[in-house]
Amino acid sequence: MDGHVQHDGFGRDINYLRIAVTDKCNFRCIYCMPADGVAPRAHDELLSAEEIARFVRLVAGEGIRRVRLTGGEPLVSRRIIPLIRDIRAIPQIEDISLTTNGALLPKLAPQLKDAGLNRVNISLDTLDPTLFGKITRLGRLEQTMAGIDAALAWGFEPVKVNCVVVRRLNQDVAALARLTLDRPIHLRFIEYMPIGDDHTSSHCAVDPHAPTLNPELWDASDTVPSDELRARINAGAIATGLGELEPLDINDAPAGAGPARYWHFPGAAGTVGFISAMSNHFCVNCNRLRLTADGNVRPCLFSDAEYSVRDALRRGDDMQVLSIWRDAVAHKPQEHAIIEGTQRFMSQIGG
Numbered sequence: 017m018d019g020h021v022q023h024d025g026f027g028r029d030i031n032y033l034r035i036a037v038t039d040k041c042n043f044r045c046i047y048c049m050p051a052d053g054v055a056p057r058a059h060d061e062l063l064s065a066e067e068i069a070r071f072v073r074l075v076a077g078e079g080i081r082r083v084r085l086t087g088g089e090p091l092v093s094r095r096i097i098p099l100i101r102d103i104r105a106i107p108q109i110e111d112i113s114l115t116t117n118g119a120l121l122p123k124l125a126p127q128l129k130d131a132g133l134n135r136v137n138i139s140l141d142t143l144d145p146t147l148f149g150k151i152t153r154l155g156r157l158e159q160t161m162a163g164i165d166a167a168l169a170w171g172f173e174p175v176k177v178n179c180v181v182v183r184r185l186n187q188d189v190a191a192l193a194r195l196t197l198d199r200p201i202h203l204r205f206i207e208y209m210p211i212g213d214d215h216t217s218s219h220c221a222v223d224p225h226a227p228t229l230n231p232e233l234w235d236a237s238d239t240v241p242s243d244e245l246r247a248r249i250n251a252g253a254i255a256t257g258l259g260e261l262e263p264l265d266i267n268d269a270p271a272g273a274g275p276a277r278y279w280h281f282p283g284a285a286g287t288v289g290f291i292s293a294m295s296n297h298f299c300v301n302c303n304r305l306r307l308t309a310d311g312n313v314r315p316c317l318f319s320d321a322e323y324s325v326r327d328a329l330r331r332g333d334d335m336q337v338l339s340i341w342r343d344a345v346a347h348k349p350q351e352h353a354i355i356e357g358t359q360r361f362m363s364q365i366g367g
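Per the working numbering, residue 17 is the first one in the sequence shown, and the count goes up by one each step.
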């Protein structure tokens with residue numbers, strides 16, 4: 017199969033696949049997974065690296081050109097390096113990226129580069145060490161900062177840093193944005209999305225004086241719209257003598273810009289992006305599907321509709337795999353509904 021562009025029912029080119037390599041993580045970020053982690057899965061419930069690579073080879077013939085490896089935390093998986101190597105060998109795949117908390121990047125960056133990984137997105141929600149510990153539960157700020165250093169040192173391009181903004185956390189977004197002044201990183205602020213089990217992380221009253229940080233007490237009121245974020249960052253920049261953020265021409269946006277809209281401080285080495293999943297849907301340009309660690313194709317992050325390819329992969333029935341994939345693409349919704357909560361946590365979906 018030499019590959020062709022596949023369109024969904026609304027004419028969108030489907031060329032991007034996000035793969036959850038594992039649902040395990042060495043952090044326990046409060047908007048992503050429960051404090052005790054996700055329930056352990058039997059080994060045979062999860063796709064093997066060989067099964068994932070074979071699935072990518074099949075859908076590359078359907079027009080997939082870009083792959084992002086996610087988790088959980090993909091770097092805790094021992095199979096991540098051989099998996100990247102196998103995907104890199106697929107001729108149609110033009111770009112391989114990975115989302116990580118950065119803690120293991122200082123150790124693994126050279127192997128990832130050698131295997132063929134193009135670029136990384138690193139999660140960083142605050143520069144306050146105490147708040148960082150509360151958000152991640154198990155992580156330390158210096159681990160993620162060392163991961164950013166390693167990504168830059170080993171020449172991953174571009175290096176994107178993702179910050180999920182939650183109103184009650186009161187993060188210093190202006191300080192985060194200033195990281196782009198002297199370093200070629202692309203800081204993206206992501207509106208909090210109410211993803212998680214609908215019995216635990218939605219439909220619950222929000223207590224503004226809650227003494228602990230946990231998703232069971234959050235709902236969509238904790239989303240900070242991107243326009244509000246940008247105004248807050250500009251106010252902080254003016255207070256410190258910087259100019260306001262200026263919009264970046266789309267041709268100057270970093271590779272794999274996706275749904276982000278980019279700005280920059282005058283003369284800055286990096287950029288500041290905003291992903292407005294809640295306040296300004298980008299569904300009209302959505303070009304991606306997701307593959308969960310247990311072998312389900314998910315057409316939309318905000319919909320619980322999934323299409324299992326695991327059994328067909330294990331039978332070696334390539335035509336059935338492709339039939340299921342095409343069905344999932346055909347049922348990709350025009351846009352996501354306004355919801356609070358999904359049946360899976362973000363760590364199980366593969367953000």
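All C-beta atoms, glycine included, are put in the ideal place defined by N, C-alpha and C. Given the structure is predicted, the values throughout are model-derived calculations rather than measurements.
What number of angstroms, rounded off, separates the C-alpha of P241 from the C-alpha of E207? When rounded, the distance between both Cα atoms is 6 Å.
Secondary structure, beta strand (DSSP E): runs of 3+ residues fully inside the region 157-209: Those beta strand (DSSP E) runs which fall completely within the region 157-209 and span 3+ residues are 175-181, 201-207.
Take E262 and list the residues in its own chain whose beta-carbon comes closer than 7 Å to its own, dropping the five residues that flank it on each side. W279, H280, P282, listed in sequence order.
To the nearest angstrom, how far is it from the Cα of H202 to the Cα of G27? Cα to Cα, the separation comes out at about 30 Å.
How many Å lie between A226 and G87 at the Cα? With a pLDDT of only 36 at A226, under 50, the local geometry of the prediction cannot be trusted, and the value read off the model is given with reservation. As the crow flies, the alpha-carbon of A226 is around 29 Å from that of G87.
Could you tell me the alpha carbon to alpha carbon distance between F446 and I266, rounded to whole angstroms? Outside the displayed span of the chain (17 to 367) sits residue 446, for which this structure offers no information.
What does DSSP give as the partner residue(s) for A284 in the beta ladder? Bridge partners of A284: none, in fact.
Distance, P56 Cα to I68 Cα: I68 and P56: Cα-Cα distance of roughly 20 Å.
Continuous beta strand (DSSP E) stretch holding T152: start and end: Taken as a continuous stretch (DSSP letters only), T152 belongs to no beta strand (DSSP E), being part of the alpha helix (DSSP H) at 145-152.
Pull the bridge partners of P263 from the DSSP assignment, please. In DSSP, P263 forms a bridge with W279.
Which residues in the same chain as G286 place their Cβ atom closer than 8 Å to its Cβ, once the five residues preceding and following it in sequence are excluded? So the list reads L195, T196, L197, R199, P200, I201, H202, L203, H280, once near-sequence residues are dropped.
Roughly how many whole angstroms lie between the Cα atoms of G252 and L143? G252 and L143 have their C-alpha atoms spaced approximately 15 Å apart.
Option in N134, Q159, T308 with minimal Cα separation from D39: D39 has its Cα closest to that of T308, out of N134, Q159, T308.
DSSP state of I46 mapped onto helix, strand, coil: In this structure, I46 counts as coil in the three-state DSSP scheme.
According to DSSP, is G252 part of a helix, a strand, or is it coil? The answer is helix: DSSP assigns G252 an H, G or I state.
Can you give me the Cβ contacts of Q127 inside the same chain, cut-off strictly under 8 Å, excluding the 5 residues immediately before and after it? The beta carbon of Q127 sits closer than 8 Å to those of I97, all from its chain and outside the five residues before and after it, given in chain order.
Quick one, which of L154, F148, L264, R101 has its alpha-carbon nearest G132's? Of L154, F148, L264, R101, the smallest CA-CA separation from G132 is found for R101.
Taking 7 Å as the cut-off, is the C-beta of D268 nearer than that to any heavy atom in the ligand ZN? As for the ligand ZN, it is missing from this structure, which has no ligand bound.
Report the rounded CA-to-CA distance for G79 versus I103, giving the unit in angstroms. Cα-Cα distance, rounded: 15 Å.
Euclidean distance between Cα positions of M209 and I46: In a straight line, the C-alpha of M209 is about 12 Å away from that of I46.
From which residue to which residue does the alpha helix (DSSP H) around D111 run? Premise fails: D111 lies in the beta strand (DSSP E), 111-116, not in any alpha helix (DSSP H).
From L121, G77, A166, L63, residue whose alpha carbon lies closest to that of L99: Residue L63 holds the alpha-carbon nearest to the alpha-carbon of L99 among L121, G77, A166, L63.
Host alpha helix (DSSP H) of A76 (start-end): Counting along the chain, the alpha helix (DSSP H) containing A76 begins and ends at 65-76.
Excluding the five sequence neighbours on either side, which residues of its own chain have a C-beta within less than 8 Å of the C-beta of D29, listed in chain order? Closer than 8 Å at Cβ, skipping near neighbours: V21, Q22, H23, G79, N303.
Give the single residue among V136, E110, V189, F148 whose Cα lies nearest to the Cα of V175. Measuring from the Cα of V175, the nearest candidate turns out to be V136.
Just to confirm my understanding: we take A125, look at its own chain, exclude 5 residues before and 5 after, and list those with CB closer than 6 Å. What are they? Shown here for A125: same chain residues with a beta carbon closer than 6 Å to its own, the five before and five after excluded, namely A166, W170 in chain order.
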